[in-house]
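Protein sequences, first through last, are from chains A and B.
Positions in the first sequence are counted from 1; adding 21 to them yields our numbering.
Positions in the second sequence are counted from 1; adding 2 to them yields our numbering.
All residues carry an ideal CB built from backbone N, CA and C; glycine is no exception.
Here the structure is a predicted model, which is why all the values come from computation and not from measurement.
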Amino acid sequence: MNNEEILIKKCKKGDLDAFETLIKNHQKRAYNIALKMLKNPEDAMDISQEAFIKVFKYIDSYNNKSSFSTWIYRIVINTCLDYIKKNKNNVLYLDEPINTDDGSIKREITDNKNNPEKILEKKINNEDINKAISMLKVKHRMIIILRDIQGFSYEEISKMLNLPLGTVKSRVKRARENLRKIILEKVEQN
Amino acid sequence: MNCARFNECISLYIDNELETSEKIKFEEHIRECKNCRKKYNEMLSITKILNNEMEVDLPKNYNKILRKKLEEVNITKKRKIKLRKLTSVAAVFIVLITSIAILYENLGLNKREIALESKNTQPKIEEFALMESDSNAEEVLDDSVKDLEVKTNRTINNEKLVINKTLHLETEDINKTNEKIVDIVLKSNGFIEENKQNYIIARVKLSNLNEVIENVSNITIIKEHTTKSYDITNEYKDANNYLIELSETYEKEESIDKESRIFKDLLKKYDQMIEYPTIEFYLEIKK
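Here's what the structure looks like:
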């Protein structure tokens, strides 16, 4: 029995310290997925925590079929999607850059080369990217977050979203295409 | 490779998911076609920007708040675990219920067989039957639905005995005697469970038991009089204690409600059997 399995066993008996250790490496990622999906830090905290509570509550039903992290993220994703569904009327639009405790984030674009490939990067800042992402359809937004921002593999995404691999690939493609269109429009506007 | 096909492949190429043969054609087309090259570069840039997105740190109080929420959940969880342990006791009662059913077939467990034979005489008054359970027991044939409240002031100090009597009767007129017996039972606030002319199952209130038998002896001959007594004190106590434990788990869960109902019914059944002992009447023609 490896470390993770030992911790899971303890959690099933209600050991909260074991649970905190278990989720330690996943918390930041889960929070950031929620943040990108829901756009504001308060919701991101609530929803990501709700997901972790579900993980703890239903840990008895974790049956080792998928990896534990896959299981966690599946719950995080579903909790986000459920929340979005419930709050469909609140259109999520980001007018300001993401504000954190430390202040807003502005990505620094390294402007070391002047070649064509870098031109697009120069023209876009973080604000635009996040605005563009928020304009995507929910399922496209989710997949961009998982694939391009969080870097999960196609296989992992396929398990988390419970979709066939082919569907994941085509959805990534379509999401990126849509994102490109939105960003190019923004660049033209600027 | 044409431009349309190239378009389809951009995403996969970026993720290094293209097969080698397609990959080569793809790279060839990049070199050849300006438009497609531009498109590819744009996609690549966007992906790189996204890849480089910095992750935001957790808010400072994140773990404190999460811990509080988890503790609340844990209390509920631990209660459920306790309940699961109690439920294993329930399995024992399933055996009990069946054994009570067997009881009526005279094959039950824990029985103290006290056979008393009396020929043509008044039956002996069995003192053990005269438990003053009237004051403690409730009116259990009342069908009103009670709340899920356990009457914890129900003291179970006295024994809980279920009494079954079998009377063999000799008569010159079965029908007449049958009618008279039914009359006696009903007049004593008992009831008839089954009547097959020469076989009657009657339920008589415990406090009226001896009176009924005395009345019967006055109208016909009692050839044989057997009494069986089953001690269900322990089973009764256990069921009642379990019910109390359930009621202390104040989580309004469907499964708990269901179980409580089952055990309330069980206790009701026990009370019924105790309060209304069974008398089997066998009627024979006098030879």
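Cβ contact check for the segment 61-73 of chain A and the segment 96-105 of chain A: 3 or more pairs under 8 Å:
Yes, the segment 61-73 of chain A is in contact with the segment 96-105 of chain A.
Interface residues of chain C around residue 53 of chain B at Cβ under 9 Å?
The structure shown contains no chain C; its protein chains are A and B.
What whole-angstrom Cβ distance do residue 232 of chain B and residue 184 of chain B have, given they're in contact under 8 Å?
With a Cβ gap of about 26 Å, residue 232 of chain B and residue 184 of chain B do not count as contacting.
Measure the beta-carbon distance from residue 190 of chain B to residue 214 of chain B and round it to whole angstroms, keeping in mind my assumption that it falls under 8 Å.
5 Å
Going by other Cβ atoms of all chains shown within 10 Å of its Cβ, with 16 needed for buried, is residue 172 of chain A buried or exposed?
exposed
Shorter than 9 Å from the beta carbon of residue 60 of chain A to some beta carbon of chain B?
no
Nearest-angstrom beta carbon gap, residue 70 of chain B and residue 74 of chain A [assumed within contact, 8 Å]:
At roughly 11 Å, the Cβ-Cβ gap does not stay under 8 Å, so residue 74 of chain A and residue 70 of chain B are not in contact.
Would a C-beta distance cut-off of 9 Å place residue 52 of chain A and residue 60 of chain B closer than the cut-off?
yes
Apart from the five residues just before and just after residue 40 of chain A, which ones in its own chain have a Cβ nearer than 6 Å to its Cβ?
32, 77
Report the residues of the segment 41-55 of chain A with a CB closer than 8 Å to any CB of chain B, ordered along the chain.
41, 48, 49, 50, 52, 53
Alpha carbon to alpha carbon, what distance is there between residue 90 of chain B and residue 166 of chain B?
31 Å
Please confirm if the segment 9-20 of chain B is in contact with the segment 188-197 of chain A, defined as three or more CB-CB distances below 8 Å between the two stretches.
yes
State yes or no: is the beta carbon of residue 13 of chain B nearer than 9 Å to at least one beta carbon in chain A?
yes
Who are residue 281 of chain B's beta bridge partners in DSSP?
B:167, B:204
Answer yes or no: does any C-beta atom of chain B fall closer than 9 Å to that of residue 175 of chain A?
yes
Would you list the one or two residues that DSSP bridges to residue 233 of chain B?
B:163, per the DSSP bridge assignment.
Tell me whether the beta-carbon of residue 192 of chain B lies closer than 9 Å to the beta-carbon of residue 272 of chain B.
no
Taking DSSP as the reference, what is the three-state secondary structure of residue 28 of chain B?
helix
How many Å lie between residue 36 of chain B and residue 44 of chain A at the Cα?
48 Å
What distance in whole Å lies between the Cβ atoms of residue 223 of chain B and residue 282 of chain B, which are believed to be in contact at a cut-off of 8 Å?
So it is not a contact: roughly 16 Å between Cβ atoms.
Considering only the alpha carbon of each residue, which of B:287, B:280, B:238, B:62 lies closest to residue 98 of chain B?
B:238
Check whether the segment 179-187 of chain A touches the segment 143-158 of chain A, taking contact to mean three or more Cβ pairs, one atom from each stretch, closer than 8 Å.
no
On the criterion of 16 or more Cβ atoms from any shown chain inside 10 Å, does residue 138 of chain B qualify as buried, or is it exposed?
Note on residue 138 of chain B: pLDDT 34, under 50, position unreliable in the model; no value is reported.
Supposed contact pair residue 236 of chain B and residue 269 of chain B - C-beta distance, whole angstroms, cut 8 Å:
Contact doesn't hold; Cβ gap of about 13 Å is too wide.
Cβ shell of residue 189 of chain A (< 6 Å), same chain only, five flanking positions each side left out:
Only residues of its own chain outside the window of five on either side were considered, and among them 175, 178, 179 have a CB closer than 6 Å to the CB of residue 189 of chain A, listed in chain order.
Local Cβ density within 10 Å of residue 204 of chain A, reported as buried at 16 or more and exposed below that
buried
Pop quiz: residue 56 of chain A and residue 42 of chain A are said to be a contact at Cβ under 8 Å. What is the actual Cβ separation, rounded to whole angstroms?
Not a contact, Cβ separation roughly 23 Å.
Spatially closest choice to residue 207 of chain A from A:145, A:59, A:166, by CA coordinates:
A:145
Min CB distance residue 193 of chain A to chain B below 9 Å
Put simply, the CB of residue 193 of chain A is near chain B, with a gap under 9 Å to one of its CB atoms.
Who are residue 286 of chain B's beta bridge partners in DSSP?
B:172
For residue 200 of chain A, I'd like the list of residues in its chain whose CB is within less than 8 Å of its CB, leaving aside the five on either flank, ordered along the chain.
153, 154, 157, 161, 165, listed in sequence order.
Closest by C-alpha distance to residue 106 of chain A, when choosing among A:47, A:159, A:89, A:94:
Between residue 106 of chain A and the set A:47, A:159, A:89, A:94, the nearest pair of CA atoms involves A:159.
Cβ shell of residue 45 of chain B (< 6 Å), same chain only, five flanking positions each side left out:
12
Would you say residue 197 of chain A faces chain B, with C-beta separation under 9 Å as the test?
So yes, residue 197 of chain A belongs to the interface.
Measuring alpha carbon to alpha carbon, tell me which residue in B:195, B:94, B:31, B:18 is nearest residue 49 of chain B.
B:18
Would residue 227 of chain B pass as a contact of residue 179 of chain B if the rule is Cβ separation under 9 Å?
no
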